[in-house]
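Numbering (my numbering), first residue to last: 784 to 1046.
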């Protein structure tokens, strides 16, 4: 595919998260012709449930859980920070390519990922062990802003679920250089991959140029952007930038489960 034929040619995209997530998203966007700038607008801090987390990780190492789950690559960082041990007999279900890569890079095994699509709902549909009638002990680790879709799905099936907020999501100020590039239109597309990122975009860049493309990935991000008044005119199919916006969103969704902000 020539540079001219690539759907994102001409876009300079702000990727608002770093780490494995940012690397995977950036690589996928560049394959479609975009130039990417990784500039985290969110980061992760210690959980408000630290004692509960430490106790759960002790139980994990002791083999108390049949399964553990994660839908964020940051969970791998949390496990590594605590020198957590996942015994071979405890199976691990994760959602999202970034999550699977982060777990394997950290030396943790992954038993199951959804095959149909990178989504929590697909995992629940494909996870045959949770529908066999056996009551499983499951540890679910998530962020403070995640919607507990997976946890609720497991509880609804009658399993014994220990849910822990493994980390908090906090805003990060963009550098002066990044703010200047956005104000000038040099960065002409912003990727909004969660409600928290939408909040940061609205707060840090209140006067976006009229032709800056704001692409929201995931229902939570879309809803937050609407409430915050972010410019999303290119959502309309008749808008000249709509094809690029759709290509941007679809490229991100091909590697990430709606910003891995679901449980």
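Yeah, the Cβ is synthetic: ideal placement off N, Cα and C, and Gly gets one too.
Decide if residue 871 is buried, meaning its Cβ has at least 16 other Cβ atoms within 10 Å, or exposed. exposed
Can you have a look at residue 810 and say buried or exposed, based on whether 16 or more other CB atoms are within 10 angstroms of its CB? exposed
I need the boundaries of the alpha helix (DSSP H) containing residue 884, first residue and last residue. 880-888
Taking a contact to mean a Cβ-Cβ separation below 9 Å, would you say residue 1035 touches residue 978 in this structure? no
Name the DSSP bridge partner or partners of residue 876? 852 and 895
So which of 976, 992, 1003 and 990 has the shortest CA-CA distance to residue 1032? 976
Are at least three pairs of beta-carbons, each pair with one atom in the region 836-856 and one in the region 809-825, less than 8 Å apart? no
Going by DSSP in three states, residue 1042 sits in which element: helix, strand or coil? Caution applies to residue 1042, whose pLDDT of 41 falls short of 50 and renders its modelled position unreliable; the model cannot decide the point.
From the DSSP output, which residues share a beta bridge with residue 943? 920
Determine the DSSP secondary structure at residue 865, reduced to helix, strand or coil. coil
Just to confirm my understanding: we take residue 864, look at its own chain, exclude 5 residues before and 5 after, and list those with CB closer than 7 Å. What are they? none
Of the residues 1038, 1039, 1027 and 1037, which one's Cα is nearest the Cα of residue 793? 1027
Using the beta-carbon count (16 or more within 10 Å), is residue 916 buried or exposed? exposed
Spatial neighbours of residue 875 within its chain, please: CB distance less than 8 Å, with the 5 preceding and 5 following residues excluded, ordered by chain position. 850, 851, 852, 853, 869, 886, 891, 892, 893, 894 and 895
Identify whether residue 803 lies in helix, strand or coil by the three-state DSSP scheme. helix
How many angstroms separate the CA atom of residue 995 from the CA atom of residue 971? 5 Å
Hey, residue 897 and residue 880 are a contact pair by Cβ (cut 8 Å); roughly how many whole angstroms apart? Not confirmed; about 11 Å, so no contact.
Residue 1022 in three-state terms, based on DSSP: coil
Please return the same chain residues whose Cβ sits closer than 8 Å to the Cβ of residue 825, not counting the five positions on each side in sequence. 799, 800, 952, 953, 954, 955, 977, 979, 980 and 983
Neighbourhood of residue 944 by C-beta, 7 Å cutoff - its chain only, sequence neighbours within 5 removed: 921, 923, 934, 937 and 938
Residues that DSSP places opposite residue 996 in a beta bridge: 972
Spatial neighbours of residue 861 within its chain, please: C-beta separation below 6 Å, excluding the five flanking residues on both sides. 949 and 950
Quick one: Cα of residue 985 to Cα of residue 914, how far? 43 Å
Tell me whether residue 901 is buried or exposed, calling it buried when 16 or more other Cβ atoms sit within 10 Å of its Cβ. buried
Between which two residues does the beta strand (DSSP E) holding residue 829 run? 825-829
Taking 7 Å as the limit between beta carbons, can you name the residues of its chain near residue 1005, skipping five residues before and five after? 999
Look up residue 812 in the DSSP assignment and say whether it is helix, strand or coil. helix
Span separating the alpha-carbon of residue 797 from that of residue 918: 44 Å
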